[in-house]
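Report on the structure given below.
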Amino acid sequence: MPSPSSSIKSHPRPKVVAAKAEGLKSQPVVASRPVRARKSQINGPLQSIDTSLSAHPRTDPINALTILLKLLTSLPTRIGGCQFKLTPAEHALSLHLVSILDPFVYHGVRALSPNINLTGTADNSTIVSSPGLGLIQQPTEIIDAILAHVDSRKDLISIGLGCKRLHDIVFPRHFEYRVIRCKVSSIGVWNHLITHSSLARNVRKLEIIDERTPVPAFNAAHPGLHRPSSMLIPRTMMRSSPTSTTLGGGTDLESTDDELHMHTKQERYLSAALLRMTGLKEFKWSCNHSPISIARVWPALMMRAEHLNSVEICDNLVFGPRNGHWAVVDDDSEEDSSGNEEEEDSGRLSTLIKHRPTLEAMESVVFRSTPHSYGASKLPELTRISTMLYQCSNLKNIEIGYITPRSASGSTQAHALIANNTTAPQRARPLADDFLVNSVIDRQPKFAHLTHMTLTNLRCTSPVAPSAFLAAHTMLEVLHLDLVIQTSGNGTNPLQLPPGSLPHLREIKASRDVINSILQCPTVDIKHRPLEVIKGFKLSGHSASSSSVSVDAAFLQNLRTAAGSGIRRVEMLGWHDIDEVKRLVACVPGVQHLDVGRRIGGSGERNGGVVEKNMLEWTDLMTTLPELVSMHGVRFFYEVSSSGSGSAGGGGNANIPGVSGASVSPHHVYDPADSTPNSNGPTHLPASIPPLPQINPNISMMERSRLRKNDETASLLAWKCRKLRRVDHWEPSVNSTGDRKVVVLLRDGNTVGDGENKVRWEVRKVKA
Numbered sequence: 001m002p003s004p005s006s007s008i009k010s011h012p013r014p015k016v017v018a019a020k021a022e023g024l025k026s027q028p029v030v031a032s033r034p035v036r037a038r039k040s041q042i043n044g045p046l047q048s049i050d051t052s053l054s055a056h057p058r059t060d061p062i063n064a065l066t067i068l069l070k071l072l073t074s075l076p077t078r079i080g081g082c083q084f085k086l087t088p089a090e091h092a093l094s095l096h097l098v099s100i101l102d103p104f105v106y107h108g109v110r111a112l113s114p115n116i117n118l119t120g121t122a123d124n125s126t127i128v129s130s131p132g133l134g135l136i137q138q139p140t141e142i143i144d145a146i147l148a149h150v151d152s153r154k155d156l157i158s159i160g161l162g163c164k165r166l167h168d169i170v171f172p173r174h175f176e177y178r179v180i181r182c183k184v185s186s187i188g189v190w191n192h193l194i195t196h197s198s199l200a201r202n203v204r205k206l207e208i209i210d211e212r213t214p215v216p217a218f219n220a221a222h223p224g225l226h227r228p229s230s231m232l233i234p235r236t237m238m239r240s241s242p243t244s245t246t247l248g249g250g251t252d253l254e255s256t257d258d259e260l261h262m263h264t265k266q267e268r269y270l271s272a273a274l275l276r277m278t279g280l281k282e283f284k285w286s287c288n289h290s291p292i293s294i295a296r297v298w299p300a301l302m303m304r305a306e307h308l309n310s311v312e313i314c315d316n317l318v319f320g321p322r323n324g325h326w327a328v329v330d331d332d333s334e335e336d337s338s339g340n341e342e343e344e345d346s347g348r349l350s351t352l353i354k355h356r357p358t359l360e361a362m363e364s365v366v367f368r369s370t371p372h373s374y375g376a377s378k379l380p381e382l383t384r385i386s387t388m389l390y391q392c393s394n395l396k397n398i399e400i401g402y403i404t405p406r407s408a409s410g411s412t413q414a415h416a417l418i419a420n421n422t423t424a425p426q427r428a429r430p431l432a433d434d435f436l437v438n439s440v441i442d443r444q445p446k447f448a449h450l451t452h453m454t455l456t457n458l459r460c461t462s463p464v465a466p467s468a469f470l471a472a473h474t475m476l477e478v479l480h481l482d483l484v485i486q487t488s489g490n491g492t493n494p495l496q497l498p499p500g501s502l503p504h505l506r507e508i509k510a511s512r513d514v515i516n517s518i519l520q521c522p523t524v525d526i527k528h529r530p531l532e533v534i535k536g537f538k539l540s541g542h543s544a545s546s547s548s549v550s551v552d553a554a555f556l557q558n559l560r561t562a563a564g565s566g567i568r569r570v571e572m573l574g575w576h577d578i579d580e581v582k583r584l585v586a587c588v589p590g591v592q593h594l595d596v597g598r599r600i601g602g603s604g605e606r607n608g609g610v611v612e613k614n615m616l617e618w619t620d621l622m623t624t625l626p627e628l629v630s631m632h633g634v635r636f637f638y639e640v641s642s643s644g645s646g647s648a649g650g651g652g653n654a655n656i657p658g659v660s661g662a663s664v665s666p667h668h669v670y671d672p673a674d675s676t677p678n679s680n681g682p683t684h685l686p687a688s689i690p691p692l693p694q695i696n697p698n699i700s701m702m703e704r705s706r707l708r709k710n711d712e713t714a715s716l717l718a719w720k721c722r723k724l725r726r727v728d729h730w731e732p733s734v735n736s737t738g739d740r741k742v743v744v745l746l747r748d749g750n751t752v753g754d755g756e757n758k759v760r761w762e763v764r765k766v767k768a
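UniProt numbering applies: residue 1 is where the sequence shown begins, and numbers increase by one.
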């Protein structure tokens, strides 16, 4: 038997360690066979992998794990320098797959080891704790359900910018679907919401705009920059069919041989989509040029009684007389239904109409007509509106506004009625007696929680109905009444309110007689009403009749005694003479916002933009109001062209209450130290205020003179009215409902009398 040493000498290359036991012959280790076997297992046909992220949904973790294993096992089979390397598309896919598997792996580890032992205390004791569950570690379905409770788009943006995983869930599924604004003919949008019920549940606000609204072209390369300004539709639907009139519709959704059947199809698709919007909270209807009435859509809205809290309807058909189509769904809409699902929806609507459930979550309802003649009735009524309002018992805001159509027939009717010398001028307004009377049952209010009430361009045959309504609804805080109330006698008392009516009233907009009736009504258990705002009245002015003078005197006396010290805002329709404004101002010494309106009997609108000649008299009147902040109705500044004032002013924009101050054009800065010598030394101007000589040298001498006059006016107003900050612009406001310009006075110093109090006047835009 050979010795171990001889064994080692006979086999020098393998370098095998000698065996310790005798009789055990050492053999060299051969490693080539297992290596060849492993290579043979790896070699195989390369399977193609789809690198598109949309092909791998987050709800399928098994598929994500399978694709990730295929991708990793294919790396060693690649040739040359590509071995064990991922392409950019594969790298993005791998990160996407890992993000899908991450929450499931996390929950799996937590299920296997629910408790983790931590030893880090001073006495080396063991603390048993479990890892916290964060939002991003939850499954996609849980995160989607949590985000469904976030209604604000601003809050969704904050959540979506947290991480990429939340971004991929928030924006495509929630942010894009919170607000949808489109036409009733956008069948593709309704079909998309019907097909994807999970996305329809994420809609919170739906706006149906007019059919005549233009639709701008959609640019697929830059969808975010060229989205329609009037229509707001999720980008996924716009990309699917950017050139279709339905914005997301199929090829044959809008195809029909009969126009009437086309409107029936639009109504059917819209109603079916509304039934799937279980999270809808706001609904706005502005479709006025379509035969589809809100009466046909209202039954579907009643299905959203659990969450719907705000409805705004702008349609002439809602002021029409009630007919059979209001309470019964049209048979044609059910005959064209196809599929079990649509038949089920029609059955649910029919059952719902018979039972008429109460919309307990509804808080705000707005009904407005349009000035167009389409759909307008010659004898407008409130029957349809009353039917809808009586189903909402918890309303807090009711607004009904009627606009007489601007048509030839309507104007001819009005002139003919006036020529007959009857009460026909009021016939053009809807009658509100039935609605107001039926809103009170046994002296109990139908709308016990009502706080805001607006009735515009309506009429009542007697003071009984409005008086009973106002006396029963004691929670009213804001009341706007544009009512023509027929009264007997001199007509100076249109309301007959019992004591204790309207104890919480804060704002009133009505005629002088209506306001006077409320002011002279005595209160119970309180000293005064918390009245702060009065609007929409005008005084009778100079008249030879002693009755008109006595009525004004009674109104001013009631205003002084009932709520004079608490009034903060006064808005008049107009004024005849400055003396009546002085008498009014003497009754409300604490007013902060004063709008005297237009001068009655004068030429032009709001004095035609002409500067008041008796400026000193107006400034003396304003001096009696120490808390005055805004003054409107009187022109103090001369017109200055934008070219002459473009480089004259400076400084930043200040936050003024009621001013939407993004687009501001500062005009000029006035410094009293430029004209008044300062005995305390030179004046140091702040860096934000340029000196007076920095005026555009290209302007004319007349523009320079106007700038100087405006500077003097600003100094005078700032000197006499310490808190005044806003006055009228020189251009009259053509459209009172849109933006208009005002002149804002900015003070850059707190000291007075030493030349350090500098006044800037700037032009800003405000929303009326």
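C-beta: ideal position from N, C-alpha, C; glycine also.
With respect to the 8 Å criterion, E211 and C287 are classified as neighbours on the basis of their beta carbons. Bridge pairing for M631: L594, V727 [DSSP]. Within the stretch 129 to 192, the complete alpha helix (DSSP H) segments at least 4 residues long are 140 to 147, 153 to 160, 164 to 173, listed from N- to C-terminus. The DSSP-derived three-state label of V588 is coil. Distance from I180 to L206 at the Cβ level is roughly 5 Å; contact confirmed, criterion being Cβ atoms closer than 8 Å.
Looking at the DSSP output, T51 bridges to nothing. Exposure of E617 is indicated by the presence of fewer than 16 other C-beta atoms within 10 angstroms of its C-beta. Pairing W761 with L584, the inter-Cα distance amounts to about 28 Å.
For V366, there is no enclosing alpha helix (DSSP H); the residue is found in the beta strand (DSSP E) stretching over 364 to 368. A residue is called buried once 16 or more other Cβ atoms fall within 10 Å of its Cβ, and L161, having fewer, is exposed.
DSSP lists G574 as the bridge partner or partners of K538. A straight-line Cα-Cα distance of about 20 Å links S293 and G188. Judged by DSSP in its simplified three-state form, E207 adopts strand. Non-local C-beta neighbours of L476 in its own chain, meaning closer than 8 Å and more than five positions away in sequence, comprise L450, T451, H452, M453, L470, L502, H504, L505, ordered along the chain.
Taking the Cα of P463 as reference, the smallest distance to any Cα among D442, P371, K446, I485 is reached at I485. Under the three-state reduction of DSSP, H504 is assigned to coil, being neither helix nor strand. Rounded to the nearest whole angstrom, the CA to CA distance from M237 to E176 is 10 Å. The beta-carbon separation of V318 and R384, rounded to 5 Å, stays under the 8 Å limit for a contact. Under the 10 Å beta carbon count, K265 is surrounded by 16 or more other beta carbons and is classified as buried.
P103 and K509 have their alpha carbons spaced roughly 59 Å apart. In this structure, the alpha-carbon of K720 lies about 9 Å from that of P626. For C314, the beta-bridge partners assigned by DSSP are R368.
The stretch 161 to 173 makes no contact with the stretch 268 to 278: fewer than 3 CB pairs, one atom from each, lie closer than 8 Å. With respect to the 8 Å criterion, G597 and G574 are classified as neighbours on the basis of their beta carbons. Within the same chain, Cβ atoms closer than 6 Å to the Cβ of T461 are found at D433, Q486, the five residues on either side in sequence being excluded.
According to the DSSP assignment, L455 belongs to no alpha helix (DSSP H) but to the beta strand (DSSP E) extending over 452 to 460. L621 places its beta carbon less than 8 Å from that of V581. Cα atoms of L746 and P139: separation of roughly 55 Å, rounded to the nearest angstrom. Counting the other CB atoms within 10 Å of its CB gives N202 a total of 16 or more, which places it among the buried residues. If the five residues before and after A465 are omitted, its C-beta is found closer than 6 Å to the C-beta atoms of D433, L436, V437, all from its own chain and listed in chain order. Between the alpha carbons of Q557 and V551 lies a distance of about 10 Å.
F469: member of the alpha helix (DSSP H) spanning 464 to 472, first to last residue. Annotation: D739 is outside any alpha helix (DSSP H); the continuous beta strand (DSSP E) that includes it extends over 739 to 747. Setting aside the 5 residues that flank it on each side, L75 is surrounded in the same chain by Q83, F84, K85, L86, each with a C-beta closer than 8 Å to its C-beta; the list follows chain order.
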